[in-house]
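S.K.:
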Amino acid sequence: MSPTSPARRLRLGLPRRVFSQVLLMQVAIAAGVAVLATGLFLAPLSHQLDDQAMHRALAIAQTTAEQPQIAADLLHTAPRPDGPVQREAERIRLATGAEYIVIMNREGTRWSHTDPAEIGRHVSTDPSQALAGEEVMEIDEGTLGRSARGKVPLRDARGHIIGAVSVGIAYDSVRARLISAIPGLLAYAGGALAVGALAAWLISRRVQRQTRDLAFSDISALLAEREAMLHGIREGVVALDRAGRVRLLNDEAQRLLGIGEEAVGRSPDEALGEGRTADVLAGRVTGTDLLTVRGHRVLVANRMPTEDGGAVATLRDRTELEQLGRELDSTRGLIDALRAQDHEHANRMHTLLGLLELEMYDDAVEFVGEVVGDHRATAEQVTEKIEDPLLAALLVGKATVAAERGVALWVSDRTRLPDRLVDPRGLVTVVGNLVDNALDAVAGTPHARVEVELRAEGRTAVLTVRDTGPGIPPEQRELVFTEGWSTKKPPAHGKRGIGLSLVRRLAERQGGSATVGEAEGGGAQFTVVLPEALAEPEPAPALTLSATAPAEEETR
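Written out as structure tokens, the structure reads:
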């Protein structure tokens, strides 16, 4: 068994950290590019050097052939090591650095050569192309070894070809130039590799800071955990980038906002339309636990900026909590009304007991009749004008609460509403919110009065609530319908600024409107128009012959 514990053994293979892997990959890429660039440069360099050597040899041959004295000496002298042709050829060779300059006649006999012993002998390579009038460039093997050659025809004064000039450049010198260029090329490649490695290290350090020195497996696990967390929590999460566009939203956010994946990459205004919800998500409305209404939902939003210039917004559904809070407020109002009625009932019972003890029986009967008649008159007044039982019960209860608060709640004589409501609960919400706001506005003022008017115009229901309170300034008449805006202190269960917003949303959802203005004699007047709020009246049943026959018989 190895004495080294598994935890301390050397881990072989690729490094696990993102920094190390990125650095290793970038250095490998930089080295590969440097090697490839060096190879691609060296491959044509050898050919270019060969081509340059052959052109140089051809240029020397052309220059030599252009001298008329050489052509004349070739015609009038014999091929000798000390002849004028050999002397001139050697002078040119030494001046140009060529390996050899061979001047031959039409039979291929040399008149000059670097080795004097070769003068007078036949050339070792085929001169037929040059003797035919062509200029030749080639790499070939000769008596002096491998060389870059240039061959041109030699002409006399009349232009007739009398021989050829062959010039060779030692191939060893070409190879030497190629080899001498390699160290410099490798130096440049090494410098480029060093710069690439430094850039790779800097980039890897930046990646290390941004990834917090995590491994790829850790990042993958974090992403999987994030997806599970975002789509598993019961809060809506909306992430925005630095440009204010939605880059992520979880399932709960899609449900609460009523949007889908198509919202990703769009701004809140484009995805949701203009409104308070878009303003909250975009950061144009600041604060904590901001209330907003989306559809029929009441949402609480919080927005937190991120380091990259974006933001993350969380959304909580407060619809049920808001409904429970309002029911609690209504229950407390009813309890207060019942407490007031209990107190009033005790006073009345004491009065009745006193009348009976004084044996004023007629007065006692009259007193009881008046008390019962007042309550019955109030209920009958409401039910005669409003046939829907939910709305009638709501207004009877609100009248009791208003009386306890010293407010006269009056149903207008013009009120007529048949029992044909399509959504009675929605209208109950609208009426209840407006009456509660009106009672709050006039409470504690002298001669406080709230008037409710409900009438049907075809299938349209028109609701008007007037009060004798201080009214609403013109500059605030649109703000009162904004989510979260209120001049009252918040209740114990949460925040205000939702009731009137819900009223407008319910009205607009049915294609109607909710507005506020000034009532006659001062105070506020809220008007809500709800198209298609009432169903079509049922047609009267037609009388059939079988149904009318007994009646006619009885008439006879």
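The numbering used here applies: residue 1 is where the sequence shown begins, and numbers increase by one. Cβ atoms here follow ideal geometry from the backbone N, Cα and C, with glycine treated the same way.
Which residues in the same chain as LEU463 place their Cβ atom closer than 6 Å to its Cβ, once the five residues preceding and following it in sequence are excluded?
M.R.: Excluding its 5 nearest sequence neighbours in each direction, LEU463 has C-beta neighbours in its own chain below 6 Å: LEU454, VAL528, listed in chain order.
S.K.: Since LEU299 contacts THR292 with CB under 8 Å, what's their CB separation in whole angstroms?
M.R.: 5 Å
S.K.: Among the residues of its own chain, which have a CB less than 6 Å from the CB of VAL503, if the five just before and after it don't count?
M.R.: VAL430, ASN433, ALA514
S.K.: Taking ARG56 and ILE162 to be in contact with their CB atoms under 8 Å, please state how far apart those CB atoms are, rounded to whole angstroms.
M.R.: About 25 Å; that fails the 8 Å criterion.
S.K.: Would you give the residue range spanned by the alpha helix (DSSP H) that ILE92 belongs to?
M.R.: 84-96
S.K.: Return the first residue and the last residue of the beta strand (DSSP E) that SER166 is part of.
M.R.: Taken as a continuous stretch (DSSP letters only), the beta strand (DSSP E) holding SER166 covers 161-170.
S.K.: What's the gap between the Cα of GLU235 and the Cα of VAL382?
M.R.: 44 Å
S.K.: Is it buried or exposed, VAL365, if we count other Cβ atoms within 10 angstroms and call 16 or more buried?
M.R.: exposed
S.K.: Confirm, please, whether the CB-CB distance from LEU74 to VAL85 is below 8 Å.
M.R.: yes
S.K.: Take GLU88 as the anchor and find which of GLY108, THR63, GLN48, MET349 has the nearest alpha-carbon.
M.R.: If we check each option's Cα against that of GLU88, THR63 comes out closest.
S.K.: Entirely within the segment 400-459 and at least 3 residues each: give me those beta strand (DSSP E) ranges in chain order.
M.R.: 408-411, 449-457
S.K.: Name, in chain order, the residues that DSSP records as bridge partners for ARG80.
M.R.: Partner(s): none; ARG80 has no beta bridge.
S.K.: With distance defined between alpha-carbon atoms, name the residue in GLN48, ALA53, ALA438 nearest to VAL401.
M.R.: For VAL401, the nearest C-alpha among the options comes from ALA438.
S.K.: What did DSSP end up calling GLY494 once you bin it into helix, strand or coil?
M.R.: With a pLDDT of 48 at GLY494, under the threshold of 50, the modelled position of that residue is not reliable, and no figure is offered here.
S.K.: Can you tell me the Cβ-Cβ gap for PRO537 and THR460, rounded? I've got them flagged as a contact below 8 Å.
M.R.: About 14 Å; that fails the 8 Å criterion.
S.K.: What residue does the alpha helix (DSSP H) around THR569 start on, and which one ends it?
M.R.: The chain is shown only over 1 to 556; residue 569 falls outside these bounds and no answer can be derived.
S.K.: Compute the distance between the beta-carbons of ARG449 and ALA408, then report whether it is under 8 Å.
M.R.: yes
S.K.: Note down the Cα distance separating ASN105 from ALA53, rounded to an integer number of angstroms.
M.R.: 25 Å
S.K.: Within the chosen definition, does the segment 196-204 reach the segment 110-117 through at least 3 CB pairs nearer than 8 Å?
M.R.: By the Cβ test, the segment 196-204 is not in contact with the segment 110-117, since fewer than three Cβ pairs between them sit closer than 8 Å.
S.K.: Could you pull out every residue in the same chain whose Cβ sits closer than 6 Å to the Cβ of PRO81, ignoring the five residues on either side in sequence?
M.R.: Taken in chain order, the residues that qualify are PRO116, ILE119.
S.K.: Assign ASP388 to buried or exposed, taking buried as 16 or more other Cβ atoms, counted over all protein chains shown, within 10 Å of its Cβ.
M.R.: buried
S.K.: Rounded to whole angstroms, what's the CA-CA distance from ALA130 to ALA61? Just pull it up for me.
M.R.: 11 Å
S.K.: Does DSSP classify ARG121 as helix, strand or coil?
M.R.: coil
S.K.: In or out: PRO268 buried (at least 16 other Cβ within 10 Å) or exposed?
M.R.: buried
S.K.: Is it right to say ASN250 is buried, meaning 16 or more other beta carbons lie within 10 angstroms of its own, or is it exposed?
M.R.: Here ASN250 is buried: its Cβ has 16 or more other Cβ atoms, across all protein chains shown, within 10 Å.
S.K.: Here's the rule: buried if 16 or more other CB atoms are within 10 angstroms of the residue's CB, otherwise exposed. What is ILE233?
M.R.: Of the residues assessed, ILE233 falls on the exposed side of the cut-off, its CB having fewer than 16 other CB atoms within 10 angstroms.
S.K.: Since LEU281 and VAL238 are thought to touch, with beta carbons under 8 Å apart, how far apart are those beta carbons, to the nearest angstrom?
M.R.: 6 Å
S.K.: Near ALA492, what residues of its chain come up, given a Cβ to Cβ distance below 7 Å and the 5 sequence neighbours on each side ignored?
M.R.: Only weak support exists for where ALA492 lies, its pLDDT of 46 falling under 50; the coordinates are left without a value.
S.K.: DSSP three-state call for ALA377: helix, strand or coil?
M.R.: Low confidence applies here, because ALA377 scores a pLDDT of 49, under 50, leaving its location unreliable and the question unanswered by this model.
S.K.: Per DSSP, ALA313 forms a beta bridge with which residues?
M.R.: Per DSSP, the beta-bridge partners of ALA313 are VAL238, ARG303.
S.K.: Taking PRO474 as the reference, which of GLY517, ARG316, GLY275, ASP363 has the closest Cα?
M.R.: GLY517
S.K.: Tell me VAL620's beta-bridge partners as DSSP assigns them.
M.R.: Nothing about residue 620 can be read from this structure; the chain reaches only from 1 to 556.
S.K.: Residues in its own chain within less than 7 Å of THR77 by CB, not counting five upstream and five downstream?
M.R.: GLY83, PRO84, VAL85
S.K.: Where does MET360 fall in DSSP's three states?
M.R.: In the structure shown, MET360 sits in coil (DSSP, three-state: anything other than H, G, I, E or B).
S.K.: Give me the Cα-Cα distance between GLN67 and GLY159, rounded to the nearest whole angstrom.
M.R.: 13 Å
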